[in-house]
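Visitor: Using the numbering used here, you'd call the opening residue of the sequence shown number 1013 and step up by one each time.
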Amino acid sequence: MTRPVETWLTDMDGVLVHEEVPIPGAQEFIEALKSSGRQFLVLTNNSIFTPRDLRARLLGSGIDVPEDAIWTSALATAQFLEEQRPHGTAYVVGEAGLTTALHDVGYVMTDRNPDYVVLGETRTYSFEAITRAIRLVAAGARFIATNPDPSGPSQHGLLPATGSVAALISTATGRTPYFIGKPNPLMMRSALNRLQAHSETTVMIGDRMDTDIISGLEAGLRTILVTTGSTRPEQIETFPYRPTRVVDSIADLVAEVAGRASGGSAPTAVP
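Here you go:
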């Protein structure tokens, strides 16, 4: 028998917002989750912003997500490094979301023989910084990247993202990074650990089959795909795996969360 849903994880871009434009039903969904008393986290591969920054951005879109309910690839990366090599050193190519997360776990930022080169998202990639990263990786620093996304959206079109810059460094050094964010199921596991939740009673909501759904599946979660983001309905059958369920948008889940505040129910299988 399928166990009731106790914990909800949801992607942000493509599920709750497009850039800073709220997706209809997102505000109601978050409010229903808060009213239900169930644990939840909003997950994002974006490592640029701190949870406080993201809370403010979401609030500007009318979506009130508590700061401690936001889990980023930067936080997951910092947690991973803290577990692997406590109080280590890192040369960081990234912005405040990543540097703050690493500082908070006791890491020292340096370009002198660092334990790690850590690559994250930024809107102002510096050729000088990338060159320094290449030289440090070539010299033996361990190579970590927050996420493998090759590009990201902007108001003016696509922007190169962490995956593209990681490929540049890899091509120059012959060393590939370990990616922490989705589709690595480690991102899901770190989120579950943060909430002390169990995979069998947790659902992951996402808009991408190749990141959200596959990482949820590999972490043992039930998954819901919304079709308001990257993966179009006609593309679903091209993948060798399936979500537990497909819905048009986050709005389709509001009643389910709001109406079952004391018991819950598992998502049904995809027909």
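We put the CB at the ideal spot given by N, CA and C, even for glycine.
Just tell me which of Pro1036, Thr1250, Thr1014 and Arg1015 has its CA closest to the CA of leucine 1265.
Guide: Comparing Cα-Cα distances from leucine 1265 to each of Pro1036, Thr1250, Thr1014 and Arg1015, the minimum goes to Pro1036.
Visitor: Can you grab the Cα-Cα spacing for the pair glycine 1132 / methionine 1199, in whole Å?
Guide: Using only the alpha carbons, I get a separation of about 15 Å.
Visitor: Measuring CB to CB, does proline 1034 end up less than 7 Å from glycine 1074?
Guide: Contact flag set, yes.
Visitor: Just curious, the alpha helix (DSSP H) that valine 1177 is in, first and last residue?
Guide: Unbroken alpha helix (DSSP H) run through valine 1177: 1174-1185.
Visitor: With respect to the beta strand (DSSP E) encompassing methionine 1216, which residues constitute its N-terminal and C-terminal limits?
Guide: Methionine 1216 -> beta strand (DSSP E) spans 1214-1218.
Visitor: When burial is assigned at 16 or more other CB atoms within 10 Å of the CB, is threonine 1304 buried or exposed?
Guide: In the structure displayed, the chain extends from 1013 to 1283; residue 1304 sits before or after that span and is not available.
Visitor: Distance, Cα to Cα, threonine 1158 vs valine 1027?
Guide: About 21 Å.
Visitor: Sort Pro1160, His1210, Ile1217 and Thr1101 by Cα distance to tyrosine 1190 and report the nearest one.
Guide: Measuring from the Cα of tyrosine 1190, the nearest candidate turns out to be Pro1160.
Visitor: Measuring from the CB of serine 1227, is there a heavy atom of the ligand FMN at a distance below 6 Å?
Guide: What this structure holds is no ligand at all, so the ligand FMN is not there to describe.
Visitor: Using only the alpha-carbon positions, how far apart do glycine 1276 and leucine 1066 sit?
Guide: A caution first: glycine 1276 carries a pLDDT of 41, below 50, which makes its placement in the model unreliable, though a value can still be read off. If you take the alpha carbons of glycine 1276 and leucine 1066, they lie about 28 Å apart.
Visitor: Would you say the segment 1080-1092 touches the segment 1222-1234, given that touching needs at least three Cβ pairs under 8 Å?
Guide: Cβ pair count under 8 Å is below three, so no.
Visitor: Is it buried or exposed for glutamate 1107, if we count other Cβ within 10 angstroms and need 16 for buried?
Guide: Answer is buried; the Cβ neighbour count reaches 16.
Visitor: Under the assumption that threonine 1084 contacts glycine 1109 (Cβ atoms under 8 Å), give the Cβ distance between them as a whole number of angstroms.
Guide: So it is a contact: roughly 6 Å between Cβ atoms.
Visitor: Taking the CB atoms as reference points, tell me whether threonine 1235 and threonine 1214 lie closer together than 7 Å.
Guide: In this structure, threonine 1214 does not lie closer than 7 Å to threonine 1235 by Cβ.
Visitor: Does the beta-carbon distance from aspartate 1127 to glycine 1152 come in below 7 Å?
Guide: No, Cβ-Cβ distance for aspartate 1127 and glycine 1152 is not below 7 Å.
Visitor: Run through the segment 1203-1268 for me and flag every whole beta strand (DSSP E) of 3 or more residues, listed as ranges in chain order.
Guide: As far as the segment 1203-1268 is concerned, its whole beta strand (DSSP E) runs of at least 3 residues are 1214-1218, 1234-1238 and 1257-1259.
Visitor: Please name the residue in Leu1055, Thr1019, Arg1050 and Gly1049 whose C-alpha comes closest to that of lysine 1194.
Guide: Looking at the Cα atoms, Leu1055 is the closest of the given residues.
Visitor: Would you identify the three-state DSSP class for phenylalanine 1052, choosing helix, strand or coil?
Guide: The answer is strand: DSSP assigns phenylalanine 1052 an E or B state.
Visitor: Return the first residue and the last residue of the alpha helix (DSSP H) that phenylalanine 1139 is part of.
Guide: 1139-1150 is the span of the alpha helix (DSSP H), which, as asked, contains phenylalanine 1139.
Visitor: Within 10 Å of its beta-carbon, does proline 1063 have 16 or more other beta-carbons around it, so buried, or fewer, so exposed?
Guide: Buried is the call here.
Visitor: List, from N- to C-terminal side, the alpha helix (DSSP H) runs of 4 residues or more that fit wholly inside the segment 1042-1114.
Guide: Runs of the alpha helix (DSSP H) inside the segment 1042-1114: 1063-1072 and 1085-1096.
Visitor: Ends of the beta strand (DSSP E) at valine 1130?
Guide: Residues 1128-1131.
Visitor: Here's the rule I'm using: 16 or more other beta-carbon atoms within 10 Å means buried, otherwise exposed. How should phenylalanine 1052 be labelled?
Guide: Answer is buried; the Cβ neighbour count reaches 16.
Visitor: For the beta strand (DSSP E) containing alanine 1153, name the first residue and the last one.
Guide: First-last for alanine 1153: undefined, no H or E at that position.
Visitor: Hey, would you say valine 1269 sits closer than 7 Å to leucine 1045, going by beta carbons?
Guide: Against a cut-off of 7 Å, the Cβ pair of leucine 1045 and valine 1269 comes out as a contact.
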